[in-house]
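Protein chains in written order, with the UniProt record's numbering: chain A, 1 to 381; chain B, 1 to 381. Glycine included, C-beta positions come from ideal geometry on N, C-alpha and C.
2 protein chains.
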Amino acid sequence: MVAGIGRVLDELEHFRFGAEELAFLRENGVADEPTLEFLADYRFSGTIHGYLEGDLYFPASPILVVEGTFAEAVLLETMILSILNHDCAIASAASRMSNAAGKRPLIEMGSRRTHERAAVAAARAAYLAGFTSTSNLMAGHAYGVPTAGTAAHAFTLLHDSEKAAFEAQIASLGPGTTLLVDTYDVPGAVRTAVELAGTELGAVRIDSGDLAAAAQAVREQLDALGAFKTRILVTSDLDEYAIAALAAAPVDAYGVGTSLVTGSGVPTAALVYKLVARETAAGVLEPVAKRSVGKPSRGGRKHAYRLFDAAGHAETELVTTSGPAPEGGEPLLHELVRDGVVVGREPLESARARHRHEIDRLPQEALHLGRGYAAIPTEFV
Amino acid sequence: MVAGIGRVLDELEHFRFGAEELAFLRENGVADEPTLEFLADYRFSGTIHGYLEGDLYFPASPILVVEGTFAEAVLLETMILSILNHDCAIASAASRMSNAAGKRPLIEMGSRRTHERAAVAAARAAYLAGFTSTSNLMAGHAYGVPTAGTAAHAFTLLHDSEKAAFEAQIASLGPGTTLLVDTYDVPGAVRTAVELAGTELGAVRIDSGDLAAAAQAVREQLDALGAFKTRILVTSDLDEYAIAALAAAPVDAYGVGTSLVTGSGVPTAALVYKLVARETAAGVLEPVAKRSVGKPSRGGRKHAYRLFDAAGHAETELVTTSGPAPEGGEPLLHELVRDGVVVGREPLESARARHRHEIDRLPQEALHLGRGYAAIPTEFV
């Protein structure tokens, strides 16, 4: 899944070298005076086409095409790759989790397991991929991602008893709150919770043990107590496989942390930023490519189209350096920056809806939770 | 390896809720008015003891002991865990790489493969763990980490020929520069490099292929050309295992990227922040602990000591909730924050030297590059 495009555009608009940065570069002999002068006036004045956020990508998809002078374009390399390699990795894991969860809500809760700023970007990426909300309030503030949370074990331990903790929480947040029931003994906590909140209790959270068995037992207990509408939220090292394994359990929502913010085994996408064409002295754009053993690049300015079968399912990712658009192929590269001006900004909700739409257009077998194969093939013409 | 303590102290000093944050919380109904008033005046006024940065930690080491009111201390949870879980994971990978590299320099080059801000923290952590320098200039600016870099394939591809690219680089940076020799054909590039820079050529970089074989061939070629002092820098998906495998190859320095910034398979440490004691109404500190299935916590305020054998090698990590310091045990928890004031700040170089010192005091077998076991056992008394 493509994610981070909006963040790249945000950063691009503020990509400047201030007095402090220039002083550092000068004092440490990193750049000479002509370079420092160039940096002081630096503005990217070129053009960027890219895949839209929320869209899918496949091996060799040209996610971003940056056109400009070498000096202007090369300075963006690390910023662009850092954002896209991080956000695409997290979003792709989040997308798999979201597919595994089906219609059940997913709360992103991984902030504490990744760098403090990466956490905010991870919450944004997860939301784009279909998560319902995040416990990261800064992601709510910065990007408008809906926020949610539950109580911690520490809150229960702080009180003289679990009952006292539940009473305090209900007094403050009402019976619709989510009570954490596994600090000491789950059945006892569920009984106390319904006693105190009544059958209008919003939800209970289970954070340990065999989640499928625990959810089943808690559902039966809640129903027996008349709390038919009380939901069950489970957390505890969930990933897309664990979520899929809970499909038949009476779980109403998932909270996902570590495996989301670490990309569920793939903490970084393998995106690279390569020079593929240069303008000759004669003003012609000519392809260039390295021939490094095992890491050759493919020269030429790319265009990309997605082809669909008669049933409307994605069939092929077509990457080409020339020729007209194939019949029925949907163009994947859109103008994001024109002559240095950002023109491709869009609301998070649009990217989120696009992702859902593109996932729905994949062949069904593409959503299989296996590792290491591409959902559709890439063809070069 | 413990890393991030200095960053926690930096963040703690700026941990405030500004008008914008409070407005967001108010408008979104996240906090009520009494809570908002509390947040507006928030200052941590408690005390923090911790392991020093650069020191080692083992299973159940109490890296940080935060003492204060519940409300003040619980707000620090995500900030502290985010920083330590990230930085400890990266530093631990970096430490293994540094041990594998022995006396050969290591350049951190992973910025493009992680979140743009995480990249800066990763460069800092790597330096603490023994890396020589980083290609992340912001880490140089923010933390004084020495910076270094080499040319990119794009620089060669931009020019009319590899020779023209090398000429331009040497004209700007002198013959002591590092030339990238694997864009097209390594032997041809090495010949051109020495022709242009002479035998004073600083270094060549190889970024593809079988690095051991390539380094051997390049060394022989350089020597045959009289460039005996020209160093060989290798890069290309190196991790601690690949570095160890190159020990016998004529490599002078390593550049490490992806596997460093992703923690070489362990992108996050598994550190948790738990309430382990609370003051009773009678003013007594009493241990508290959760009993969640498979995730019980260990109650009580912790002290920690490291015990050494007669030869001066670390033998045991001793964690205790009571009792006097054991004879000869070195206390591991030091005062970092006293009544809200940071007192434990230290220069990066001190932490870096401490790490080297503590690694040297480990038993030799602790540096074995295996996964999944603790170098020394933890004992509880």
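Residue burial annotation: residue 169 (chain B) is buried, with at least 16 other C-beta atoms found within 10 angstroms of its C-beta. Residue contact with chain B for residue 155 (chain A): present (Cβ-Cβ distance below 9 Å to some residue of chain B).
Ranked by Cα distance from residue 89 (chain A), the options A:2, A:7, A:113 are led by A:2.
For residue 378 (chain A), the enclosing beta strand (DSSP E) stretches over residues 378–380. A direct Cα-Cα distance of roughly 28 Å separates residue 366 (chain A) from residue 266 (chain B).
Residue-level contact by beta carbon holds for residue 172 (chain A) and chain B, with a gap shorter than 9 Å. Here residue 305 (chain B) is buried. Its C-beta has 16 or more other C-beta atoms within 10 Å. Taking the Cα of residue 12 (chain A) as reference, the smallest distance to any Cα among A:57, A:77, A:155 is reached at A:77.
Counting along the chain, the unbroken alpha helix (DSSP H) around residue 140 (chain A) starts and ends at 137–143. What residue 112 (chain A) touches in chain B, judged by beta-carbon distance under 8 Å, is 77, 78, 81, 82, 85, 273, going in chain order. Per the C-alpha coordinates, the member of A:222, A:283, A:249, A:28 positioned closest to residue 69 (chain A) is A:283. Of A:274, A:180, A:247, A:317, the smallest CA-CA separation from residue 99 (chain A) is found for A:247. When the Cα atoms are used, residue 287 (chain B) and residue 158 (chain A) turn out to be separated by approximately 10 Å.
At a C-beta separation below 7 Å, residue 115 (chain B) has these neighbours in chain A: 82, 86, 115, 117, 118, 121. Contact with chain A is absent for residue 168 (chain B), since none of that chain's Cβ atoms lies less than 9 Å from the residue's Cβ. With respect to chain B, the C-beta atom of residue 239 (chain A) has no partner C-beta closer than 9 Å. In the DSSP assignment, the residues bridged to residue 133 (chain A) are A:107.
Using a CB distance below 7 Å, the part of the stretch 243–269 of chain B facing chain A consists of 258, 262, 267, 268, ordered along the chain.
For residue 241 (chain A), the enclosing alpha helix (DSSP H) has its first and last residue at 240–245. In this chain, the alpha helix (DSSP H) harbouring residue 20 (chain B) covers 19–27.
In chain order, 203, 252 place their CB closer than 6 Å to the CB of residue 231 (chain A), counting only its own chain and leaving out the 5 sequence neighbours on each side.
Here residue 261 (chain A) carries a helix assignment [DSSP, helix/strand/coil]. Neighbours of residue 182 (chain B) in chain A, taken as residues whose beta carbon is under 9 Å from its own, are 290, 291, 292, 293, 295 in chain order.
When B:274, B:312, B:25, B:269 are compared, the shortest CA-CA separation from residue 113 (chain A) is found for B:269. Within chain A, 154, 155, 158 have C-beta atoms less than 9 Å from the C-beta of residue 70 (chain B), given in sequence order.
Residue 279 (chain A) and residue 285 (chain A) have their alpha carbons spaced roughly 4 Å apart.
Interface residue (Cβ-Cβ distance to chain B less than 9 Å): residue 45 (chain A) is not classified as such. At a cut-off of 9 Å, the C-beta of residue 30 (chain B) has a neighbouring C-beta in chain A. Boundaries of the beta strand (DSSP E) harbouring residue 286 (chain B): 285–287, taken from the DSSP string. Closest in C-alpha terms to residue 93 (chain A), from the list A:263, A:274, A:223, comes A:263. Close partners of residue 21 (chain B) in chain A (Cβ separation under 7 Å): 141. In this structure the stretch 122–132 of chain A lies against the stretch 140–147 of chain A, because at least three pairs of beta carbons, one per stretch, are closer than 8 Å.
Between residue 130 (chain A) and residue 161 (chain A), the C-beta gap is not smaller than 9 Å, which leaves the two residues out of contact.
At least one CB atom of chain A sits nearer than 9 Å to the CB of residue 74 (chain B). Straight-line measurement puts the Cα of residue 27 (chain B) at about 41 Å from the Cα of residue 273 (chain A).
The Cβ atoms of residue 374 (chain B) and residue 59 (chain B) lie closer than 9 Å to each other.
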